[in-house]
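Participant: Just passing along the structure, written as structure tokens.
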Amino acid sequence: MRVAVQNAEFALFRMRNFIFLTAVVAMNYTLMRPSPVDLIFITALLVSLFVKQEVTLKFVALLLLLTSWAVAYFFASVPYLAEQNVPFELLAKTFAISLALIGAFVSMSWNERNYETFMKVYIVSAVIASVLGTIGFALGIGLLTWDDRAKGLIDDPNMYGSFLIPAVLFSVHLWHQRAANRAFLFVSLPIVALGILLSFSRIAMAAMLVCTFAYVVFLNRLHLQRLVPTLVGLAVFGLVLFAIAYLSSEEFSRKFLQRLTFAESYDLGREGRYGRYLLVLPMILDHPMGFGVLQLEKIFPEPIHNIWLSSFVNYGWLGGFTWIVLFVSSIVVSIQNYRRTRSPTVLVLMFSLVGIVMCASLHEGEHWRHMWLFYGMVWGLNSRKFLPSAERLSPTAAAAPRVWRVSGLARAGRG
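Numbering (my numbering), first residue to last: 288 to 702.
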């Protein structure tokens with residue numbers, strides 16, 4: 288009987304992971320909010336309720352932080368609930384941030400091999416998005432581009448570029464980890480990197496370079512004889528890819544030269560992007576409760592395009608400080624997990640999140656599903672699953688650690 292129960296639990300564990308990873312593949316379609324991918328993620332969560340697993344203290348902390356952020360935007364928007372689109376926008380935001388909780392709840396029972404599977408699936412999703420964006424750019428397909436910039440079936444080129452950044456980092460990570468992955472990565476890495484180039488998102492390109500460089504340097508900090516060839520190899524790879532794109536496409540060279548600036552026309556002026564940054568600072572001080580969702584559109588022709596300032600001015604001081612605490616504590620949690628596990632998987636997840644948040648610092652990233660997913664991946668990582676003692680357990684035991692259960696849900700524990 289015990290064997291049958293363990294087999295059933297392991298089957299549920301695998302089915303839950305399959306549903307969750309299917310949703311990860313489907314994340315390269317974001318033209319609807321809420322989207323069918325949200326329903327797939329919710330299905331994965333519902334199946335997870337029947338999987339025997341720990342609920343860590345980190346998950347509870349994440350739940351409290353996200354609840355605080357949600358309370359901030361709901362409370363600030365209460366006076367405008369009768370306005371058209373405000374309730375829908377609140378619902379869409381709630382769906383988006385719920386992905387952090389779903390991702391954390393699912394990944395709490397994962398070991399390092401499960402995370403590597405997630406990385407490979409994410410790379411596949413990014414390759415699909417990149418291929419669609421590249422085809423759209425090459426053929427001028429309006430559905431797959433915006434302003435002659437690749438975006439695939441994602442909302443806009445900036446969100447598209449940020450979505451591809453983790454796939455570049457995952458490719459570099461897996462290349463270092465297992466030689467068996469290299470044939471797959473030799474194909475996927477240039478495709479995804481080209482997708483970021485064709486998005487012409489300046490911050491996405493910068494974030495990709497900064498985070499990849501930081502990860503590679505930290506990973507090889509004790510092996511200088513390996514660090515220099517790795518950096519040179521990545522630099523040559525990037526230059527060759529850029530040269531091919533620049534020389535083979537007149538449209539690429541024209542658009543690249545146009546975007547080769549720190550500030551375009553829409554960034555400048557009193558109500559340009561950077562001008563709006565200055566204008567909202569006194570508003571933040573004068574309105575500690577925030578303006579609420581969709582209200583700043585009545586004042587400015589464009590959104591703030593900065594998730595840090597947006598959290599303060601739209602959702603008040605509670606929303607702004609909650610966002611700061613969420614991001615900073617995510618870095619702290621990652622550092623703690625790395626000190627416990629010494630696993631580069633922890634680092635690549637952290638740098639992936641940093642890259643996405645860098646992009647959101649110049650754009651409206653609150654509805655980016657992949658950003659919230661990576662918050663969940665960081666907070667859900669259970670360091671005990673990465674320890675050698677956990678790896679020696681049988682697959683069923685590793686999937687379903689021994690915990691007490693109350694009403695079908697796992698009891699909270701450390702992690």
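For glycine and all other residues, C-beta sits at the position ideal for the given N, C-alpha and C. Computed from a predicted structure; not experimentally measured.
(1) Cα separation between Leu472 and Ser364?
(2) Here's a check: name, in chain order, each residue in its chain whose Cβ is nearer than 8 Å to the Cβ of Leu350, leaving out the five neighbours to either side.
(3) At the level of alpha carbons, what is the spacing between Leu336 and Phe539?
(4) Which class does Val474 belong to by DSSP, given the choice of helix, strand or coil?
(5) Note down the Cα distance separating Val347 from Leu568, rounded to an integer number of angstroms.
(6) Around the Cβ of Val620, are there at least 16 other Cβ atoms within 10 angstroms (buried) or fewer (exposed)?
(7) Using only the alpha-carbon positions, how far apart do Val615 and Thr609 sit?
(8) Checking 8 Å against the spacing of the C-beta atoms, do Ser598 and Gly607 come in under that value?
(9) For the candidate residues Ala357, Arg320 and Phe328, whose alpha-carbon lies nearest to that of Gly577?
(10) Who pairs with Leu440 in a beta bridge, going by DSSP?
(11) Any heavy atom of the ligand PLP closer than 7 Å to the CB of Met645?
(12) Suppose you measure from the CA of Val641 to the CA of Tyr367; what does that come to, to the nearest Å?
(13) Look at the Cβ atom of Met664, then the Cβ atom of Ser458, and state whether they are nearer than 8 Å.
(14) Please name the residue or residues paired with Trp433 in a DSSP beta bridge.
(15) Quick one: is Arg679 buried, meaning 16 or more other Cβ sit within 10 Å of its Cβ, or exposed?
(16) With 16 other CB atoms within 10 Å as the buried threshold, where does Glu537 fall?
(17) Please go through the region 461-524 and give each complete alpha helix (DSSP H) segment of 4 or more residues, from N-terminal end onward.
(18) Here's the rule: buried if 16 or more other CB atoms are within 10 angstroms of the residue's CB, otherwise exposed. What is Ala295?
Facilitator: A quick look at the data gives this:
(1) 46 Å
(2) Leu388
(3) 48 Å
(4) helix
(5) 33 Å
(6) buried
(7) 10 Å
(8) yes
(9) Ala357
(10) Tyr316
(11) Within the structure as shown, the ligand PLP is missing, as the structure has no ligands at all.
(12) 33 Å
(13) no
(14) Arg436
(15) Any reading at Arg679 must be qualified, since the residue scores a pLDDT of 42, below 50, and its modelled position is unreliable; no value is offered.
(16) exposed
(17) 469-486 and 489-506
(18) exposed
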